[in-house]
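Note that numbering that gives the first Met the number 0 has the sequence shown beginning at 0, numbered continuously upward.
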Amino acid sequence: MTASIATHYYSIFLSLGICVGIGSGCLFVPSVAIVAQYFTTRRSAATGIVATGGSIGGIVFPIAFRKLTSELGWAWANRVLGFIVLATLLLPLSVMKPRVQPARRRAMFDFSAFKESAFLLFSGGLFLVFVGLYIPFFFMPTFAQLEIRANANLSFYLVAILNAGSFFGRLIPNILADKLGAWQVLLPVTLMTSVFGFIWIAIKDTPGVIALAIFYGFFSGAVISIPPSALVVISPNLAVVGTRMGMSFSLAGLGLLIGSPAGGAIIQTGAGFAGVAGFTGATIFGGFALFVLAWLSHKRKSANAASSV
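Following this line, the structure appears as structure tokens:
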């Protein structure tokens, strides 16, 4: 809402950058953590369904904002979308409550998590993944327009195409995760996201960039939505899941903060979009490597605990 009355860059930064960023973080982590507490056998599918809301918003809101801006102007476009967000949040905010209440007031940090190598490796992997994960969402439309000379409409709708792929990526792999295991799905989809990040280097035409948007959107959607379920697997109990999820995703948010400016800096150095694509693939692959180590660490700890019983 405050963005509708913004007249300077700093006011847009404060409203859309700081306030929306803090608000989104405060909504995302508790929502996913609370849903995870209510499911045991289909936890990943439930988390995936929750996460599809972000993809639907990623399809609808950019298109709606473009139409509203042309018809109503900047100010009322922001107000209309603000009222839509408010209306859609009223119901979930009125019914969400934790299923498992901690025995005492929950600390902001679970310091015992720092003693678990699986958690540390997982959090480090999440940080690296999120450094590169959203770079295509920011730079692929510009790439399509400048490098392959796609028309402006297609370049704009690439964001919607990415989010459409992400919708199915947040749903289908999570259903598989309930059958195969969260980690058994997280690892291959993270690897495939890295692969498609590197494939971006070779894209030279319009059909290629559309196909890349679909596939990258699909696998990146899975990488966004499965980590909460994977974190539950390596956590000692459900009571600490919310705290640990907040810790991990705070680090992921820092990675997201770094990624896009880093991509812009790479372009300015002369490496171009090929450099951005390589950076995307490399950071996500680094996160994949840490995920593998986190899973192996958890398996080793579980095996040692079983042998000592």
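Don't be surprised by glycine CBs; every beta carbon is placed ideally from N, CA and C.
Assigned with DSSP and collapsed to three states, Lys203 falls in coil, not helix or strand. Secondary structure of Pro227 (DSSP, three-state): helix. Here DSSP, grouped into helix, strand and coil, assigns Met244 to helix. No beta strand (DSSP E) of 3 residues or more sits fully in the stretch 139–182. If the five residues before and after Leu250 are omitted, its C-beta is found closer than 6 Å to the C-beta atoms of Ser122 and Phe126, all from its own chain and listed in chain order.
Distance from the CA of Val208 to the CA of Leu295, rounded to the nearest whole angstrom, comes to 36 Å.
Remark: C-beta atoms of Val275 and Gly262 approach each other more closely than 8 Å.
Under the 8 Å Cβ criterion, the stretch 221–232 does not count as touching the stretch 155–163, having fewer than three qualifying pairs. Phe110 and Phe12 have their C-alpha atoms spaced approximately 33 Å apart. Put simply, of Ala2, Lys298, Ser306 and Phe214 the residue whose alpha carbon is nearest the alpha carbon of Phe118 is Lys298.
Contact between the stretch 85–101 and the stretch 203–217 is not established, with fewer than three Cβ pairs separated by less than 8 Å. Burial is judged here by how many other beta carbons sit within 10 angstroms of a residue's own beta carbon; Val184 has at least 16 and is buried.
Annotated three-state conformation of Tyr133 is coil, per DSSP. If you ignore the 5 residues before and after Gly254, its C-beta comes within less than 6 Å of the C-beta of Phe126, Phe129 and Val130, all in its own chain and listed in chain order.
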